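For reference, the structure is listed below as structure tokens.
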Amino acid sequence: MNPKLPYVLLVGAAVIIFVLSCMLLSRGRRSPSCESQPHVVEKTGFMIQSLVFADLTPEEMAQVVRYLQGNLGVQLVEASRAKPSDNCIASVDVQVPAKAEVLRFLDGGGARPPREALAVLYFGNQPDPNVTEYVVGPLPTPVYHRDVTVQKYGGKVPYHRRPMLGSEYEQVEAFLETVAFAAAPTFLKEVFEYDGTNVAFQTTAPHGFHSGDRKSWFIMFQNVSGFFVHPVGLEVLVDHSSLDISRWAVSRVFYNGQYYRDMVQLESAYVQGRISVEKVRKAPRDGDFSSMKPRAPSAALFPLQYEPQGPRYSVRNNHVLFQAWSFAFGMSVSTGLRLFDIRHKGERVAYEISIQEALSVYGSNCPGGMSTRYMDGSFGIGRYTSPLVRGVDCPYSATYIDTHSLSDTLSPSKRKASLCIFEQNLGSPLRRHYSNLQSLYYGGLVNSALVVRSIATVGNYDYVWDFIFYQNGAIEGKVQATGYVSSSFLHGDGLRYGNRVWEHTLGTIRTHSINYKVDLDVGGVKNSLVAHDMAFEMTRAPWSPEQQIERPRLTKKVLDTEDQAAFRLQSKMPRYVYFAANSKNKWGHQRGYRIQITSFAGDHVPEGSSIERAISWARYQLAVTRRKEEEPTSTSIYNQNDPWTPTVAFADFINNETITNEDLVAWITAGFLHIPHSEDIPNTVAVGNSVGFLLRPYNYYDLDPSIYSHDGVFFTSEQDFMACETNPIACLPKTASCLPNFPPFTYDGFQNR
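Written out as structure tokens, the structure is:
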């Protein structure tokens, strides 16, 4: 045997052991952490300019409060403890400057408009109680205030129209517990085992039947988790119109299908055995069937989304930049999420896109349910924007932004992580084609879009508000409804008004209508409205005249007036309606942006209704009007409590003015009919409850702008599609083999109350 052979074998074995060891060690080693790469270069000018739309900072809010306290000459009580007979600051928000001023600043090199705030004050402690709105400025150090109430609304705002403060709700609940309930102790104790803590209240609105009324039905529920679906059958109508709380009174009582004059009469009838009692099984504190606690243990983790090279968008102050998109964002106390100065490829396509109102109209055979028409802007869609849970409400790695507001208090409040921004891979191609005819190739583009989201929890409902920006120049506005259904106590002919969803719970029918303002500026401020659609025409086949062909042709119409541009809710509307610019694309067509609505709305309240003018925006799926500074919103926070004499009636906006070559606004209404069913227990899922609109380029470009996206994939049969330079997707195992840097989970939502 060769004497060197054992050494050779030993060396070979050592090499093999070393290689195997390396392989085993590499398998056990963690992948490297993902490193952010600078993808976005922000232009400082745009970032600074966008501050003209920025929400007030907490410091600015505090300055406004101090100024008002020192310059109005009246005592201002903290709103959180104010009585109806007090003066207080109800809210402070940014006063967005007039559009002409802003455009001179953004586009014409003009001076920056003064920064101002809008303060809403309740004056209850004076001979003529009223609501007054002041513009306060300039910020950050105000020196003037201007009463703009008459200018905005044509007169003073009567005091009875004021939205209810949190303190007024607390005062009504205290009245019910200490005054009203004291008149029926036996009934409450024996029927509900009432102990002063086990009943929850839900208010209804509007408050009565005539201007000046402030009579509210308060519905009683078991005070458990998800109380909205635990009605007990008792509802009390409270007259709280007097500014003197001691003069408040019970106007009517309802229990299990019967009406009573007051709680005294209810107690008397019960003691005498003249009441049909329907005892409700006492629910545990977690609500039992209404609990949202999962009924299954945790298992394999759901899929997560991450950015292997860091975010491809930037957020600086209130300015966002994503690929060809840029825009400013803000959060109105009353209407919630809104966007300004939306640009694609550097050109403004919209000046403002904002939520206006969320309306729900209920049916029931109980008084609270049948009289409810909630206008959520009055309660405050922005005020009730809720903190977001990382990984559920938004992707875990999203950018989370705090928002601030001042309402019902003299101090600004912070809502931690109440707005999120993220890029989302939608898991499908934005466009693609596989060719197996003539040449062999594949071309496609992943549908990755930027999402801006907030979620408002207004009472029982949670509204998920999204604005989505696609790579082809389209913008989507979308709302998804979830949360708990509001319910009535099941009795009598209740099944005419909904479905039974638990033993004593009627899920009541309701309509939801969402209104948006879309101020498109397509190729400039001046636009016209054009409708394209189709019609079939009969023609002889030129090559065979004895044969007929039915062929679709294009129909075109310029909509010249506001009346022509107001499309009723259930009416037939042209399939293509677009804002047309005064410029043309390469192919000779007017550049445009098309409005496409996604909605399956229920019927609108009959126009003969005494409250209909207050919600007349909901008559229309789309209405296009001339833009006017004196018509900034389709409704008012004061319409909820006096819909019989609305402070703003949208129907008055439509007066047949010419809308050709004008600055135009589209008012879009999307909605859905909700008939609650057993699967709405414990609460409603968002699937199928999503409505909104799309704004899509229509001959705006010479070709699809997404063809310039860096995400495009193309390879032919003759190319090496495994090569990175040919097909970047082939290199994902290398470029995306990293662990995302997920921050620790935190949640400050329970400190935001």
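Under the UniProt record's numbering, the residue at position 517 of the sequence shown is numbered 517, and the numbers go up by one with no gaps.
All C-beta atoms in this analysis are idealised placements derived from N, C-alpha and C, irrespective of residue type, glycine included.
Everything numeric in this text was worked out from a predicted model, so none of it was measured.
When the cut-off is 7 angstroms and only beta carbons count, does residue 342 lie next to chain C? Absent here is chain C; the protein component of the structure consists of one chain.
Straight-line Cα distance separating residue 625 from residue 560: Here residue 560 corresponds to residue number 560 of the sequence shown, with the count starting at 1. Here residue 625 corresponds to residue number 625 of the sequence shown, with the count starting at 1. Going by the C-alpha atoms only, they are around 11 angstroms apart.
Are there 16 or more other CB atoms within 10 angstroms of the CB of residue 489, so buried, or fewer, so exposed? Against the sequence shown, residue 489 aligns to sequence position 489. Residue 489 counts as buried, since at least 16 other C-beta atoms from the protein chains shown sit within 10 angstroms of its C-beta.
Within the stretch 485–531, ranges of the beta strand (DSSP E) (whole runs, at least 3 residues): Listed in chain order, the complete beta strand (DSSP E) runs (minimum 3 residues) inside the stretch 485–531 are 487–489, 498–502, 505–508 and 510–520.
Have a look at the DSSP bridge pairing and note the partners of residue 697. The residue labelled residue 697 in the question sits at position 697 within the sequence shown. Bridge partners of residue 697: 593.
Hey, residue 512 and residue 569 are a contact pair by Cβ (cut 8 angstroms); roughly how many whole angstroms apart? On the sequence shown, residue 512 is found 512 positions in, with the first residue counted as 1. On the sequence shown, residue 569 is found 569 positions in, with the first residue counted as 1. Not quite, the Cβ-Cβ distance comes to about 13 angstroms (not below 8 angstroms), so this is no contact.
What would DSSP say about residue 52, mapped onto helix, strand or coil? Here residue 52 is taken as the residue at index 52 of the sequence shown, counted from 1. Looking at residue 52 - three-state DSSP - the assignment turns out to be helix.
Buried or exposed (CB count within 10 angstroms, at least 16 for buried), residue 74: The residue given as residue 74 occupies position 74 in the sequence shown. That one is exposed.
At what residues does the alpha helix (DSSP H) containing residue 376 begin and finish? On the sequence shown, position 376 is the one that residue 376 refers to. It spans 376–379 - the alpha helix (DSSP H) in which residue 376 sits, taken as one unbroken run.
Given a cut-off of 7 angstroms, decide if residue 92 and residue 119 are closer than it, judged by their beta-carbon atoms. If you number the sequence shown from 1, residue 119 lands on position 119. If you number the sequence shown from 1, residue 92 lands on position 92. Yes, the Cβ-Cβ distance between residue 119 and residue 92 is below 7 angstroms.
Identify every residue that forms a DSSP beta bridge with residue 364. In the sequence shown, the residue the question calls residue 364 occupies position 364. Residue 364 is bridged by DSSP to nothing; it lacks a bridge partner.
Between the alpha carbons of residue 454 and residue 329, how many angstroms are there, rounded? Locating residue 454 in the sequence shown gives position 454, counting from the first residue. Locating residue 329 in the sequence shown gives position 329, counting from the first residue. Our two residues, residue 454 and residue 329, have alpha carbons roughly 11 angstroms apart in a direct line.
Can you grab the Cα-Cα spacing for the pair residue 82 / residue 409, in whole Å? In the sequence shown, residue 82 corresponds to position 82, counting from 1. In the sequence shown, residue 409 corresponds to position 409, counting from 1. Each residue's Cα considered, the two are about 10 angstroms apart.
What's the call for residue 498, buried or exposed, on a 16-neighbour Cβ count within 10 Å? Translated into positions along the sequence shown, residue 498 becomes position 498. Around the beta carbon of residue 498, 16 or more other beta carbons lie within 10 angstroms, which makes this residue buried.
Bridge partners - residue 331, DSSP secondary structure assignment: Mapped onto the sequence shown, residue 331 falls at position 331. Residue pairing from DSSP places residue 331 in a beta bridge opposite 337.
Hey, which unbroken runs of the beta strand (DSSP E) at 3 residues or more fall wholly within the stretch 700–736? Counting only runs of 3 or more, we get 712–716.
What does the Cβ neighbour count give for residue 428, buried or exposed, with the cut at 16 atoms within 10 Å? On the sequence shown, residue 428 is found 428 positions in, with the first residue counted as 1. Residue 428 comes out exposed.
Could you compute how far the alpha carbon of residue 711 sits from the alpha carbon of residue 640? As a first step, residue 711 must be located in the sequence shown, where it is residue number 711. As a first step, residue 640 must be located in the sequence shown, where it is residue number 640. A direct Cα-Cα distance of roughly 48 angstroms separates residue 711 from residue 640.
Residue 720 versus residue 445: straight-line alpha-carbon distance, rounded: Counting from 1 along the sequence shown, the entry for residue 720 is found at position 720. Counting from 1 along the sequence shown, the entry for residue 445 is found at position 445. Looking at the two C-alpha atoms, the distance is approximately 19 angstroms.
How should residue 26 be labelled, buried or exposed, when 16 other C-beta atoms within 10 angstroms of its C-beta is the threshold for buried? For the purposes of this step, residue 26 is taken as the residue at position 26 of the sequence shown. Here residue 26 scores only 41 on pLDDT, less than 50, and its place in the model should not be relied on; the value that follows carries that caveat. Counting the other CB atoms within 10 Å of its CB gives residue 26 a total below 16, which places it among the exposed residues.
What is the rounded straight-line gap between the Cα of residue 727 and the Cα of residue 708? Numbered from its first residue, the sequence shown carries residue 727 at position 727. Numbered from its first residue, the sequence shown carries residue 708 at position 708. Taking the Cα positions, residue 727 is about 16 angstroms away from residue 708.
Check residue 780 in the structure and name its three-state DSSP category. Past the edges of the chain, shown from 1 to 753, lies residue 780, and the structure says nothing about it.
State the Cα-Cα distance for the pair residue 132 and residue 382, rounded to the nearest angstrom. On the sequence shown, residue 132 is found 132 positions in, with the first residue counted as 1. On the sequence shown, residue 382 is found 382 positions in, with the first residue counted as 1. Straight-line Cα distance between these residues: approximately 21 angstroms.
With a threshold of 6 angstroms on Cβ separation, who are the neighbours of residue 717 within its own chain once the five nearest residues in sequence on each side are excluded? What you label residue 717 is simply residue 717 of the sequence shown in a count that begins at 1. The residues are 440.
When you compare only the Cα positions, how much space is there between residue 463 and residue 273? Position 463 of the sequence shown, counted from the first residue, corresponds to residue 463. Position 273 of the sequence shown, counted from the first residue, corresponds to residue 273. Going by C-alpha positions, residue 463 is about 45 angstroms away from residue 273.
Using the beta-carbon count (16 or more within 10 Å), is residue 695 buried or exposed? Against the sequence shown, residue 695 aligns to sequence position 695. Residue 695 is buried by the Cβ-count criterion.
Which value, in whole angstroms, describes the spacing of the CA atoms of residue 648 and residue 621? Position 648 of the sequence shown, counting from 1, holds the residue named residue 648. Position 621 of the sequence shown, counting from 1, holds the residue named residue 621. Taking the straight line from one Cα to the other gives about 19 angstroms.
Between which residues of its own chain and residue 736 is the CB-CB distance below 7 angstroms, once the five residues before and five after are set aside? For the purposes of this step, residue 736 is taken as the residue at position 736 of the sequence shown. Within its own chain, the residues whose Cβ lies closer than 7 angstroms to the Cβ of residue 736, once the five positions on either side in sequence are excluded, are 308, listed in chain order.
So, residue 556 versus residue 589, is the Cβ gap smaller than 7 angstroms? As a working mapping, residue 556 is identified with position 556 in the sequence shown. As a working mapping, residue 589 is identified with position 589 in the sequence shown. Cβ distance not < 7 angstroms, so residue 556 and residue 589 don't count as in contact.
Excluding the 5 residues preceding and the 5 following residue 173 in the sequence, name in chain order all residues of the same chain whose CB lies nearer than 6 angstroms to its CB. Taking the first residue of the sequence shown as 1, we reach residue 173 at position 173. Around residue 173: 201.
Residue range of the beta strand (DSSP E) that residue 239 falls in? Here residue 239 corresponds to residue number 239 of the sequence shown, with the count starting at 1. 231–239 is the span of the beta strand (DSSP E), which, as asked, contains residue 239.
Please report how far the alpha carbon of residue 403 lies from the alpha carbon of residue 60, in whole angstroms. Residue mapping note: residue 403 aligns to position 403 of the sequence shown, counting from 1. Residue mapping note: residue 60 aligns to position 60 of the sequence shown, counting from 1. Between residue 403 and residue 60, the alpha-carbon positions lie close to 14 angstroms from each other.
Does DSSP put residue 199 in a helix, a strand or coil? Reading the sequence shown from its first residue, position 199 is the one you call residue 199. Residue state, collapsed to three classes: strand.
In the structure shown, what three-state DSSP assignment does residue 68 receive? Mapped onto the sequence shown, residue 68 falls at position 68. Taken through DSSP and simplified to helix, strand or coil, residue 68 comes out as helix.
Which value, in whole angstroms, describes the spacing of the CA atoms of residue 170 and residue 245? As a first step, residue 170 must be located in the sequence shown, where it is residue number 170. As a first step, residue 245 must be located in the sequence shown, where it is residue number 245. Straight across, the Cα-Cα distance linking residue 170 with residue 245 is about 12 angstroms.
Using C-beta distances below 6 angstroms, list every residue in its chain close to residue 54, excluding the 5 sequence neighbours before and after it, in chain order. Within the sequence shown, numbered from 1, the residue matching residue 54 stands at position 54. Excluding positions up to five away in sequence, the list reads 318.
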